[in-house]
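Remarks on the structure that follows.
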Amino acid sequence: MEKVRVLWSGLTGRTGREAISEVRKMDDIEIVGGITRRLTGAMDFDLGVGCSKWYCYDDIANPLKARPEGFDVIVDFSHPDCFEQVVELAVRTHVPLISGTSGLSNRQMAMLYDAASRIPVFRGGNFRFKVKKFIDEAVELAKMQNGYFTLYENFYEGKSLPSETSKVIQRRFGEEVGKTIEVHSLANLPKKGLPCDWRIDLGTELRNNLHCHTEGFSELAHDVLRIAAIMPKIPRSPGHLWSLDEIWDGLRV
14 MEKVRVLWSG
24 LTGRTGREAI
34 SEVRKMDDIE
44 IVGGITRRLT
54 GAMDFDLGVG
64 CSKWYCYDDI
74 ANPLKARPEG
84 FDVIVDFSHP
94 DCFEQVVELA
104 VRTHVPLISG
114 TSGLSNRQMA
124 MLYDAASRIP
134 VFRGGNFRFK
144 VKKFIDEAVE
154 LAKMQNGYFT
164 LYENFYEGKS
174 LPSETSKVIQ
184 RRFGEEVGKT
194 IEVHSLANLP
204 KKGLPCDWRI
214 DLGTELRNNL
224 HCHTEGFSEL
234 AHDVLRIAAI
244 MPKIPRSPGH
254 LWSLDEIWDG
264 LRV
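Residue numbers (our numbering): 14 to 266.
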């Protein structure tokens, strides 16, 4: 089986470190290179067979200095300061981009939409399959009953709120159910394990019946890699950012 080759931006970060472990369990995808702020120390990471190329963000911004090649998709879980170099690299090399970096400015989002007119770009408010299934169930139940709908989300201390997941839920309730859902956000869980917790109140009959809890980065890394495995098959859709909802049927879950 020919493997999909991933260049991972932010490979020494939390999600990238877990991806290094998760990819070893998969037979259709491999991480062949990483992008980092500093090469010092990065070469010490045990990336396994196939991953031997490291690049700095300053280098990839200069096509004459470094010419990354031999990959099919770029995954970016890094920092807004590095975002523009990664997008420019994806456009220059004509490969799909999975954008998971948070805290982007309006100008950077505009840049991402512009890139989407040239290459396939995934930028979902949610990457986790477990959360996707939770949202789907909430939407279907909301279609069957009236009342007030409330989302209670709680995260580890320091998390930016409201979450991207809550925005996805609000959008889908509006577009598919024609209803609104009120969001209450907290970030008072212990930081260890970086937990994320969602509960949806769909009225008195099913009060607090829907619950989803995620913890750590291994599950996130696994799901991002599964998305990366099918991104080379996704067509370019001018100015459109792909989400988990749209590629769900193509995933092996």
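Ideal placement from N, C-alpha and C gives every residue a C-beta, glycine not left out. Here the structure is a predicted model, which means the values were calculated and not measured.
- Taking one beta carbon from each stretch, the segment 153-161 and the segment 226-234 have fewer than 3 pairs nearer than 8 Å; the two do not touch.
- V45 and V86 do not touch by the CB rule: their CB atoms are close to 10 Å apart, not below 8 Å.
- Going by beta carbons, S176 and E166 fall inside the 7 Å limit.
- Pairing E35 with H235 gives a Cβ-Cβ distance under 7 Å.
- A check of alpha carbon separations from W211 across V100, L110, I148 and P81 identifies I148 as the nearest.
- Annotated three-state conformation of V134 is strand, per DSSP.
- Contact check for Q121 against F96 passes: the beta carbons are separated by less than 7 Å.
- A128 is positioned such that its CB atom lies closer than 7 Å to that of V100.
- Judged by beta-carbon spacing, V181 lies within the 7 Å limit of G138, meaning their Cβ atoms are closer than that value.
- The straight-line gap separating the alpha-carbon atoms of G263 and I240 is approximately 9 Å.
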